[in-house]
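Line by line, the protein sequences give chains A, B and C.
One point on numbering: in the numbering used here, the residue at position 101 of the first sequence is 101, and numbering is uninterrupted.
To convert, count from 1 in the second sequence and add 272; that's the numbering used here.
To convert, count from 1 in the third sequence and add 995; that's the numbering used here.
All C-beta atoms in this analysis are idealised placements derived from N, C-alpha and C, irrespective of residue type, glycine included.
Bear in mind the structure is a predicted one, so any value in this text is a computation, not a measurement.
Worksheet: the structure to be examined is printed underneath.
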Amino acid sequence: MYPPVFEYVRPASLGEALRILEGREDAAPIAGGQSLIPLLKLRAISYGLLVDINRIPELRYARYGEVVELGALTRHYELEESPCPFLRQVAVRIGDVQIRSLGTLGGSLAHADPFGDWPAAMLALGAVVEVAGVAGVREVAIDDFIKGPYSTALERGELIVGVRFKCPERGAYVKFSRRHNDFAFAAVAVAGSVKDGHVIDVRIAALGAADRPVRLKKAEAVLAGAPLKPGVVAEAVDAARKEAEPPFDFRASAEYRRHLLGVALKRALGAL
Amino acid sequence: MKYVGRPIPRFEDDAILSGRAQYVDDIELPGMLYAGFVRSPYAHAKVLRVDLTDVARQRGVVAVFGPREMGFAPGGKVRYQGEAVAMVVASDRYLLYDTLEKAVVEYEPLPAVLDVFEALKPGAPLVDEGLGTNVAHETVYEGGDVEKAMKEAEVMLEGRFTIQRIIPAAMEPRGVVASYDGDVLTVWSSTQVPFDIRKEVAKALDLPLTKVRVIQPFVGSAFGSKLLVYPEEIWVSKAAYLLKRPVKWIATRSEDFKATTHGRALTLEYKVGATRDGRVLAIEGVVYADAGAYYWGEGLADTAARMLPGPYDIRHGRIKAVSVLTNKTPLSAYRGAGRPEATLFIERIMDRLADELGLDRVEVRRRNLIRQLPYTNVFGMTYDTGDYLETFERGLERLGYRQLRSWAEEEFKKGRLIGVGLSVYVEITTFGYETAILRAERDGTFTLYTALTPHGQGVATALAQVVADELEVSIESVKVVWGDTALVPDGIGTMGSRSITAGGSAAILAARRLKDELAKATEKLLGCKPEYSSGEFKCGGKSASVRDVVKAVYRREAEAQLTVEAIYHADATYPFGVHVAVVEVDPETGFVKPLLYKSYDDVGFVVNPLLAAGQAMGGALQGIGQALYEEAIYDEAGNLVTANLAFYYVPTAAESPKYEVYFAERPHPSRHLTGTKGIGEAATIASTPAVVSAVEDALRRIKPGVRIEKTPVTPEDVWHMLR
Amino acid sequence: MRISLRVNGVLYEVDVEPRRLLVHVLRELGFTSVRVGCDTATCGACTVLMNGRPVKSCNVLAVQADGAEIYTIEHNDEVMSRLKESFKRNHAAQCGYCTSGMLLTSYHLVKRGVKSEVEIVEGISGVLCRCTGYQNVVKAVKEAAGL
């Protein structure tokens, strides 16, 4: 298919990009383009101006210290070999090798697909999203960042600079999709640590549990400080199924998604 | 020097692997224009007004055609989502898609009918008012004495099995290029039927056949979805003829999903009478086809009905085949076209009968298999050659069916849920005539022009093998050319697993005739009656090579036809086989993973085992796709929900099982010159029932009595069954 | 907008509208081995290597590729030639429409030293093939990779 007409600029710095985005009501940033371009091709969306942020050096970094800091332009494939094992688990479940070559972490968060893998993972990590606008930089907790399906806390003209989080001591990502690495029917990301057989600081995020990636807070509450034993896991699974309000479509019913969420959580906890 | 039977890699690969293979979209001509269609968003609607005045004014637009000019929306209405209502021709494809959005079409939506059984109810919306009913076609096939047999039956089974709609999804969407130079209209199309297109285009434009040339370039597969002459092929030809400019139309994938025929979509309601020891006495029922908006897929329900008895000796039967119009994309052939459905139906019935009687699934088949060939089934289909029982037993042995079952048993004890399924099939292949033209070249090589229309099968290589053997020459000295109506006067094409049987036999016939011709010339040249062997004629201690003879003809030293034509008529033949599928079920999620697929086929002689195995593996995955993944889903308004490859689950490499392909050690050849029976569809036919049976087998380990009565078997279905 | 692309080692400079997709620009340059099979970046028939990584060229704006090093299947180095021979020997192509995508994802696998069949399956899973059932493709890549 053939995208509609748009103008195109390729700023070399973050400041320049922000000024352009601020100045044009009909402008949108493009990073890897792996979600944006299909929508343009199907003419489901259109913009007057695309601002190509791929060559902005400020958005390209990866720092692994006590805190992990990743720039918005970090490509999925780069995280397949990340020093943080949890990121590796998530990265390899995204699309296919070609998509992972170009798709970016920042793009995935900004697009906020209801079945996006990174939004779920970042929720589980409790990441902080660094957002820049002409007025300056602000930080948004991931829980406040994802507002709804395809909807985020980004204001017009703002860009994601990067994310910051601690690499979890334990983490697991379990995803059920119809075909290998297709969009999830349901997926669960768990991050936390285990001390003396007890779960600590656990955060659970899910796809297919709402109209957007969400935390499963009731399940978290069950697990907090509890021993990682079958009875506790079963209780957490029950809680997760109860708190979930899964969407339905031709792929899967809400009821089936609810069931799968429980299985995904059980398996994720088993893999911690 | 014997090529038939050897795994010769394909000549076709050189063009593909070098990147030089030319598909229809690769054809660019000076002054090329690009056509696109405005298509209905509604499944059923009156077309009140088509206003293209704004479109015609847009940058790059060369011509617009409405319903009046091209006959879009016959009867002033559209019958399915995606039906064309207008055509735009522009100088650039990007501009074309800008302008298509600007067409003004006023519709008055009508209630759509999307389900066969709804469509049959009195008062249902009519897809074709002129017909006065939604039943497009209905025939009853009958044989024996059903009433009497049913009375004698000790066991009765009744049920219904539903097969989903499939989108063939050839990797290359359809496309056409047409160019008129003032004398000849040349049409390139991604098609299986250039000869049919030639006839239809000539008719539509009132041209003699000599003024229409249709070329089939490389075609990115078809699976039966390119064996009709499509309206776009006529419309694009007409536009090129009127505009005297080359015009190209290439379907986008989303467009192709609606504008290219779908497959399968049959439902069987059945009643089966059997003895207590598992012999089926009679079968009775109705096969319904969800035919879509136009009855293009003639005979799909009928083939399924007539092949329903399969390889089993069932002496009494009555099946009604009903094709029902609905507001969906028209239904037509998809790899197997009626036989996969028949096989799935009867194999499900056999599994069910075994279960009801507490018999082994193998045993119930053994008891019912036809004992003596040739055999005319209850609906008049005459199966030609074979020894079904022996092939069945040897097949099971070769495929290690028993061992696989015990292995599944062992694995179950270790906590894995494995299912092993089997299916037996007999199918019908081959029909009609095929044409071959063979030419002796000056250097002693040969060019074969075939009317076959290969699109991935490796037919050209297989034909070269057959001809090289017949002429006793090296395979490198035989060049096979296909896909051009200017080179062969008429033919049918590659479909229905007929290529080598029909077209290969035509090639053998042509080779024999050419040898005769050259022998006549040689007789004059050498003065004695020669014997032919390995490219040489010999008699009376003298010899002449083919090259010598051809040169002699050009030098007026002898006379012969250096180009001969053969038209071969190839009646139906019937491959038979037994296939085994192994799947693993995740009982918690319902996900099914195909692990292993094994086939054992008696397809007569195998010309090229490398290519035949390719057909078996690829064919199997298509049947597995039908069993587990694929389904064309429409919403209540008649919108195609699975509208592109992101939503329609064509299996990836990760869903594919491992394959083991075997051919009968003692094949039963057809009566055709090649002795082949066809391998193109066998695995597609056998794999769906084998996989469904395997899934059921697995599920029954933890939930006895579970029965699968539809395809696809989705993870959610499995989950429901296990609850 | 004027962009430059180095395709199989040769530098091209072309004027493109920003909306033009890389696949169309490559095809217009004569690289018709790069094929279009879908409109959702699902099928992988348009796969090329861009700066050493497989990408779907129908899902890249040509302007984004400005300055990039592109390989198509016409990049006949030793690894590509080995793969092509192996594809032919193992009957890994049927209709040929997805074959460019298969060859280029396989090339990437072999180049980076693929070690297992599982990796091969994962590596080609972004290219849909409707003909082969994939086994011969996997076998061809294994052979070319010396596995």
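Specify the secondary structure class of residue i as computed by DSSP and reduced to three states.
i, result
"HIS588 (chain B)", "strand"
"HIS944 (chain B)", "coil"
"PRO612 (chain B)", "helix"
"LYS865 (chain B)", "strand"
"PRO38 (chain A)", "helix"
"GLU744 (chain B)", "coil"
"ARG138 (chain A)", "strand"
"GLU795 (chain B)", "helix"
"TYR846 (chain B)", "coil"
"PHE145 (chain A)", "helix"
"PRO227 (chain A)", "strand"
"THR657 (chain B)", "coil"
"LEU1024 (chain C)", "coil"
"THR725 (chain B)", "coil"
"VAL636 (chain B)", "helix"
"MET1097 (chain C)", "helix"
Is the shortest distance between the beta-carbon of residue i and the beta-carbons of chain B less than 7 Å?
i, result
"VAL1116 (chain C)", "yes"
"ALA252 (chain A)", "yes"
"ASP1034 (chain C)", "yes"
"GLU1069 (chain C)", "yes"
From the DSSP output, which residues share a beta bridge with residue i?
i, result
"ARG536 (chain B)", "B:ARG437"
"PHE935 (chain B)", "B:ASP873"
"ILE690 (chain B)", "B:GLU856"
"ARG811 (chain B)", "Note that residue 811 (chain B) is Cys in the sequence shown here, rather than Arg. BP columns for CYS811 (chain B) point to B:LYS814."
Closest Cβ-Cβ distance between residue i and chain A: below 7 Å?
i, result
"VAL913 (chain B)", "yes"
"ARG1014 (chain C)", "yes"
"ALA926 (chain B)", "yes"
"GLU856 (chain B)", "no"
"GLU860 (chain B)", "yes"
Suppose you measure from the CA of residue i to the CA of residue j; what does that come to, to the nearest Å?
i, j, result
"PHE45 (chain A)", "THR1035 (chain C)", "The sequence given here has Ile at residue 45 (chain A), not Phe. In a straight line, the C-alpha of ILE45 (chain A) is about 14 Å away from that of THR1035 (chain C)."
"PRO923 (chain B)", "ALA884 (chain B)", "21 Å"
"TYR513 (chain B)", "SER35 (chain A)", "41 Å"
"THR914 (chain B)", "VAL855 (chain B)", "26 Å"
"PRO929 (chain B)", "LYS865 (chain B)", "8 Å"
"GLU1117 (chain C)", "VAL92 (chain A)", "9 Å"
"ALA189 (chain A)", "ALA120 (chain A)", "6 Å"
"GLU245 (chain A)", "ARG170 (chain A)", "27 Å"
"ALA573 (chain B)", "LEU580 (chain B)", "10 Å"
"VAL875 (chain B)", "LYS592 (chain B)", "30 Å"
"TYR47 (chain A)", "MET359 (chain B)", "27 Å"
"GLY910 (chain B)", "ALA186 (chain A)", "27 Å"
"THR773 (chain B)", "TRP568 (chain B)", "26 Å"
"VAL1002 (chain C)", "GLY1121 (chain C)", "22 Å"
"VAL333 (chain B)", "LYS218 (chain A)", "60 Å"
"GLU683 (chain B)", "LEU689 (chain B)", "7 Å"
Answer yes or no: does any C-beta atom of chain C fall closer than 7 Å to that of residue i?
i, result
"MET767 (chain B)", "no"
"GLU505 (chain B)", "no"
"LYS175 (chain A)", "no"
"PHE274 (chain A)", "Residue 274 (chain A) lies beyond the residue range present for chain A, which begins at 1 and ends at 272; the question has no answer from this structure."
"LEU882 (chain B)", "yes"
"PRO726 (chain B)", "no"
"SER101 (chain A)", "yes"
"HIS76 (chain A)", "no"
Give a yes or no on whether 7 Å exceeds the smallest Cβ distance from residue i to chain F.
i, result
"ARG997 (chain C)", "Here the protein chains are A, B and C, and chain F is not one of them."
Compute the minimum distance between the beta carbon of residue i and the heavy atoms of the ligand FAD, and state whether it is under 6 Å.
i, result
"PRO114 (chain A)", "Looking for the ligand FAD in the displayed structure turns up nothing, as the structure carries no ligands at all."
**Study point:** the region 405-416 of chain B / the region 611-618 of chain B touching (three or more Cβ pairs under 8 Å)
**Key:** Short answer: they don't touch.
Review point. For the region 418-432 of chain B against the region 517-534 of chain B, are there 3 or more C-beta pairs whose distance is under 8 Å?
Key: They do not touch, by the three-pair rule.
Check your understanding: Does the region 398-406 of chain B come close enough to the region 502-517 of chain B to have 3 or more Cβ pairs within less than 8 Å?
Key -> Remark: fewer than three beta-carbon pairs, one from each stretch, lie closer than 8 Å, so the region 398-406 of chain B and the region 502-517 of chain B are not flagged as touching.
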